[in-house]
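Enquirer:
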Amino acid sequence: MKLVFSLLVLIFNLSTDCTNLEKVRDQFHTIKTKEDLKKFIANTKETSCSRATPYIASCTMKKAEYTIWPFKKLAYFNEGKKSLEDYIKQHPKDIEAKYVRLLVQTNIPDFLGYNTRIAADKKFINENIAAADLPENYKKTILQNINNISPN
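Under the working numbering, read the sequence shown as residues 1 to 152, first letter to last.
(1) In the DSSP assignment, find the alpha helix (DSSP H) that holds Tyr-76 and state where it starts and stops.
(2) Cutting at 8 Å between CB atoms, please list the residues of its own chain near Leu-74, excluding the five before and the five after it.
(3) Could you say which of Trp-69, Lys-82 and Arg-51 lies nearest to Thr-60 if we only look at CA atoms?
(4) Give the single residue among Lys-23, Phe-77, Tyr-99 and Lys-98 whose Cα lies nearest to the Cα of Lys-39.
(5) Taking the straight line between their C-alpha atoms, what separation do you get for Tyr-99 and Asp-36?
(6) Taking the alpha-carbon positions, what's the Asn-78 to Asp-94 distance?
(7) Can you give me the Cβ contacts of Phe-28 inside the same chain, cut-off strictly under 6 Å, excluding the 5 residues immediately before and after it?
(8) Under 8 Å by Cβ, that's how I've got Ile-118 and Ile-142 pegged, so tell me the actual separation to the nearest angstrom.
(9) Tell me whether Lys-32 is buried or exposed, calling it buried when 16 or more other Cβ atoms sit within 10 Å of its Cβ.
(10) Whole-angstrom Cβ separation of Thr-44 and Tyr-87, contact assumed at under 8 Å?
(11) Whole angstroms are fine: how far does the CA of Gln-144 sit from the CA of Thr-19?
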């Protein structure tokens, strides 16, 4: 019985290894080109940190910018949107996920209809960031970014 429990703990710890999360955050904010996006996706492909999911989902949506075919654009967008929304449903208090969704919603065309949570996400972040389990410098980055790009 102890062996089974030990194996479960080991498997759980391996699937939640977030030692590279800071690197994911930093690299996410430097994506400016198609090559940057490809590099980010390649670097995060094997990550076992579930907290990186919102960043990866956002980049899946961003792949639409570099695709010519309208159906492929929509497929990338919908795939990333579903992944991000599923993550937020499972982790409704995750500030980073709502931050990433806010960034996405303020940077995509309105006709996609994915812009209804901007004010709510901004409010949630502002009200909960102080108590969030995030590095202080990242909290400042989040607040600076949301106050510079979003309405309200």
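Where is the CB? At the ideal position from N, CA and C, for every residue including glycine.
Expert: The relevant details are as follows:
(1) Here residue 76 is taken as the residue at index 76 of the sequence shown, counted from 1. That run of the alpha helix (DSSP H) goes 70-90.
(2) Here residue 74 corresponds to residue number 74 of the sequence shown, with the count starting at 1. Cβ neighbours of Leu-74 beyond the five flanking positions: Ala-64.
(3) Walking along the sequence shown from the start, residue 60 turns up at place 60. Closest by alpha carbon: Lys-82.
(4) The residue given as residue 39 occupies position 39 in the sequence shown. Cα-wise, what sits closest to Lys-39 is Lys-23.
(5) Numbered from 1 along the sequence shown, position 99 holds the residue referred to as residue 99. Numbered from 1 along the sequence shown, position 36 holds the residue referred to as residue 36. Going from the Cα of Tyr-99 to the Cα of Asp-36 covers about 20 Å.
(6) On the sequence shown, residue 78 is found 78 positions in, with the first residue counted as 1. On the sequence shown, residue 94 is found 94 positions in, with the first residue counted as 1. Asn-78 and Asp-94: Cα-Cα distance of roughly 21 Å.
(7) Within the sequence shown, numbered from 1, the residue matching residue 28 stands at position 28. The answer, listed in chain order, is Tyr-55.
(8) Within the sequence shown, numbered from 1, the residue matching residue 118 stands at position 118. Within the sequence shown, numbered from 1, the residue matching residue 142 stands at position 142. Wrong, their Cβ atoms sit about 15 Å apart, outside the cutoff.
(9) Working through the sequence shown from its first residue, we reach residue 32 at position 32. Its Cβ having fewer than 16 others within 10 Å, Lys-32 is exposed.
(10) Position 44 of the sequence shown, counted from the first residue, corresponds to residue 44. Position 87 of the sequence shown, counted from the first residue, corresponds to residue 87. Not a contact, Cβ separation roughly 14 Å.
(11) Position 19 of the sequence shown, counting from 1, holds the residue named residue 19. Position 144 of the sequence shown, counting from 1, holds the residue named residue 144. If I take the Cα positions, the gap works out to 25 Å.
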